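Chemist: First residue of the sequence shown: 3, per the working numbering; consecutive thereafter. Think of the CB as a built atom: it goes at the ideal place given N, C-alpha and C, for glycine as much as any other residue. Please read these numbers as outputs of a predicted model, since none were measured by experiment. Take this structure first; my questions come after.
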Amino acid sequence: MNDNAFSVGACPAEYRDKLFLTPADIMNILGISENSCYRYLQSDLPFTKVKVGKLIRVNARSFWNWYTAS
């Protein structure tokens with residue numbers, strides 16, 4: 003699948019305009035606890051994450067491409 007082949011319909015409307023997702027967004031989407039989310043974000047991920055200081059942000063396009071392929 004082409005990385006640029008992202009379907010807007012693949013994600014809920016509340017997340018469509020976001021370029022980056024927060025850990026809270028990931029928790030809500032995956033239905034996991036805060037501790038599980040941060041443990042998961044510390045591991046090797048199949049999508050792009052950016053760490054700015056203590057903040058973690060996930061590239062929305064790469065996350066949704068992974069999520070829809072799963």
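Assuming residue 21 contacts residue 62 under a Cβ cut-off of 8 Å, what Cβ separation, rounded to an integer in Å, is found between them?
Modeler: So it is a contact: roughly 6 Å between Cβ atoms.
Chemist: Are residue 32 and residue 39 touching if we call contact CB-CB under 9 Å?
Modeler: Yes, they are a contact pair.
Chemist: Between which two residues does the alpha helix (DSSP H) carrying residue 31 extend?
Modeler: Unbroken alpha helix (DSSP H) run through residue 31: 25-32.
Chemist: Can you list, in chain order, the residues of its chain whose CB lies under 6 Å from that of residue 44, leaving out five sequence neighbours each side?
Modeler: Contacts found: none.
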